[in-house]
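Under the working numbering, the first residue of the sequence shown carries the number 456, and numbering increases by one thereafter.
For each residue, glycine too, the CB sits at the ideal point set by N, CA and C.
For reference, the structure is listed below as structure tokens.
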Amino acid sequence: MLNPFLDEEKSSEQLGAAHQELFDSFLKGTRLTVEVIDIRRYGTDVAVVVTRGEVSKKTPKKLGKPATYTVVREGGDRWRIAAVQKTKHKPLMEAISFKFKPATRPATRPAAR
């Protein structure tokens, strides 16, 4: 896992502590709003979850930051995040791409269940 300063995090405890520090200081008073867009299961113990979310003090008007999580089952109903990929979309560049190269537009998928 990489943090915003490109230092490799060694454990989930370190990552949790670093995020707690952010929410105790720069992000104090904010909340995370997340929408699950898609869940794809790969066998019984692995899934890929696609979400959109925002960190804000008020209810966000638009959820813009997509994230893809690979999750693994660890006994029973407990799931652990094994990997995360976050990408900030650039709407203007996407609109230009979709207009001039329509094949770059993602296919519409049914809503997650």
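Quiz item: Taking the C-alpha atoms as reference points, what is the distance between Lys512 and Lys483?
Solution: Translated into positions along the sequence shown, residue 512 becomes position 57. Translated into positions along the sequence shown, residue 483 becomes position 28. Here the C-alpha atom of Lys512 lies approximately 9 Å from the C-alpha atom of Lys483.
Quiz item: Where does the unbroken beta strand (DSSP E) through Pro515 begin, and where does it stop?
Solution: Taking the first residue of the sequence shown as position 1, residue 515 is located at position 60. Element bounds for Pro515: n/a, residue is neither H nor E.
Self-check item: Terminal residues of the alpha helix (DSSP H) in which Leu647 lies
Solution: In the structure displayed, the chain extends from 456 to 568; residue 647 sits before or after that span and is not available.
Quiz item: Can you tell me whether DSSP reads Ala562 as helix, strand or coil?
Solution: One-based indexing of the sequence shown puts residue 562 at position 107. Reduced to three states, the DSSP call for Ala562 is coil.
Self-check item: Rounded separation between Lys517 and His544 - CA only
Solution: Residue 517 sits at position 62 when you count from the first residue of the sequence shown. Residue 544 sits at position 89 when you count from the first residue of the sequence shown. Near 12 Å, if we compare the C-alpha coordinates of His544 and Lys517.
Exercise. For Leu487, name the three-state secondary structure that DSSP assigns.
Key: On the sequence shown, position 32 is the one that residue 487 refers to. Reduced to three states, the DSSP call for Leu487 is strand.
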